[in-house]
Amino acid sequence: MTLHKFLKLVVVVLFVFMLVIGLITLNHPIILKWITGSARYIGKQVPSTVYTNGKLNKEIKIYFTDHYFGSKEKTKEYIVSLSEYDKEGMLKFFRIDLRDNWIGRPVNTSNTGYDIICGRLFQSETGEISTPWNVDMKGFNFDPNLVFDSKQIKFNTPPDMLKFDSVRIELK
Numbered sequence: 000m001t002l003h004k005f006l007k008l009v010v011v012v013l014f015v016f017m018l019v020i021g022l023i024t025l026n027h028p029i030i031l032k033w034i035t036g037s038a039r040y041i042g043k044q045v046p047s048t049v050y051t052n053g054k055l056n057k058e059i060k061i062y063f064t065d066h067y068f069g070s071k072e073k074t075k076e077y078i079v080s081l082s083e084y085d086k087e088g089m090l091k092f093f094r095i096d097l098r099d100n101w102i103g104r105p106v107n108t109s110n111t112g113y114d115i116i117c118g119r120l121f122q123s124e125t126g127e128i129s130t131p132w133n134v135d136m137k138g139f140n141f142d143p144n145l146v147f148d149s150k151q152i153k154f155n156t157p158p159d160m161l162k163f164d165s166v167r168i169e170l171k
């Protein structure tokens, strides 16, 4: 293979690679953020059983992270995906921070803040910034009555936001 043919092959491969990345980022812009370092990979959903209003709910997905974005500071957070139940785009995802005992909604819940790709959750820097539900300005001015132990998490959801008002997550 001559140098000229090799260079053509390299250019074609790079062009195809850039085209594939471009097409993927049209539907999943968080991938480009992940490649550039302004998003992180959280992972697959954790094994759990979710009950809403006392009934089994298989549509809610639970993810876990043990550190903050871009930091080695430890935390114990669950990220909950409620995309099937969200009416107003305010509870597509929310965070349960067990270390600091609060539930919050992210300031960015679009697919640039959070996205699930092939069952795996990605979160951007802005997706990690959350407002606690009990704050009246940007939250819901609502106390979720968060209660948890090593095996389960219980809380209430803001009234008239979802098709349910109580959630119990059994961790496995």
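Each residue of the sequence shown is one higher than the one before, starting from 0 at the first, in numbering that gives the first Met the number 0.
Note that the Cβ used here is the ideal one computed from N, Cα and C, for glycine as well.
Asked, Found
"Counted within 10 angstroms of its Cβ, other Cβ atoms place V166 as buried (16 or more) or exposed", "buried"
"Alpha carbon of V106 to alpha carbon of G112, nearest angstrom", "9 Å"
"CB-CB length for G21 against R119, believed under 8 Å", "Contact doesn't hold; Cβ gap of about 21 Å is too wide."
"Extent of the continuous alpha helix (DSSP H) run through H27", "Unbroken run through H27: none, as it is neither H nor E."
"Cβ-Cβ distance between R39 and Q151 below 8 Å", "no"
"Contacts around E124, its chain only, beta-carbon distance under 6 Å, and the 5 residues preceding and following it disregarded", "S37 and F68"
"Candidates E72, I116 and P46, of which the one nearest N26 by Cα", "I116"
"Close beta carbons around H173, own chain, < 6 Å, minus the five adjacent residues each side", "One cannot answer for residue 173 here, as it falls past the ends of the chain, which runs 0 to 171."
"Rounded separation between T156 and K60 - CA only", "16 Å"
"Three-pair Cβ contact test at 8 Å for the stretch 139–153 versus the stretch 90–101", "yes"
"Coil, strand or helix - K43 by DSSP", "strand"
"Selection from L161, K162, D164 and K153 that minimises the alpha carbon distance to T48", "K153"
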